[in-house]
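Just so we're aligned, residue 1 is where the sequence shown starts under UniProt numbering, counting upward by one.
We put the beta carbon where it would ideally sit given N, CA and C, even for glycine.
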Amino acid sequence: MTNTTRRPLVIDRFYDVLDEQTQAQLTPEQKQEIEDAIVSITLASRHRIDVRKSFPFFGARYYLVFLLGRDLRKRPRKESTLVRIIVTLLILFGVMFATLCVLLTLYMLKSAAGIDLIRNFHVGIWDWWLSLKNH
Numbered sequence: 001m002t003n004t005t006r007r008p009l010v011i012d013r014f015y016d017v018l019d020e021q022t023q024a025q026l027t028p029e030q031k032q033e034i035e036d037a038i039v040s041i042t043l044a045s046r047h048r049i050d051v052r053k054s055f056p057f058f059g060a061r062y063y064l065v066f067l068l069g070r071d072l073r074k075r076p077r078k079e080s081t082l083v084r085i086i087v088t089l090l091i092l093f094g095v096m097f098a099t100l101c102v103l104l105t106l107y108m109l110k111s112a113a114g115i116d117l118i119r120n121f122h123v124g125i126w127d128w129w130l131s132l133k134n135h
């Protein structure tokens, strides 16, 4: 624990629960190897994107965690082919949905500005949107 650099919280928690006699018997090299092993098997390493939020919802608290970064573990996780296919499809549909939302927003902004890219051709979304005001 003579390390002056900032350690991940999981390392501090590990040393809190470790017996003091056992901790005193560890050499600095052993401590470093243990800390490296703990960091490599947990999500304690830094991520490029690290969003951790909790919020109340109908009398209970829920949390949301979104982490994105390189996988630095030495052993890859074992995943079934079905899980990989499902995750790939979910990512694909998410990207497609986000792309369509951006395109729709750009189309609505273009229509609101009165810009016609193709003369006398309209998809009809802007007219439908304006007709909602009348109802």
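For residue 70, the secondary structure class from DSSP, reduced to helix, strand or coil, is coil.
Assignment of beta-bridge partners to residue 50 by DSSP yields 67. Going by DSSP, residue 24 is part of the alpha helix (DSSP H) stretching over 20-25.
Non-local C-beta neighbours of residue 56 in its own chain, meaning closer than 6 Å and more than five positions away in sequence, are absent. Apart from the 5 residues on each side of it in sequence, residue 35 sits with its Cβ closer than 6 Å to the Cβ of 11 in its chain, given in chain order. A distance below 8 Å separates the beta carbons of residue 68 and residue 48. When secondary structure is reduced to three states using DSSP, residue 84 falls in the helix class. Residue state for residue 113 is assigned as coil, using DSSP reduced to three classes.
Straight-line measurement puts the Cα of residue 134 at about 45 Å from the Cα of residue 50.
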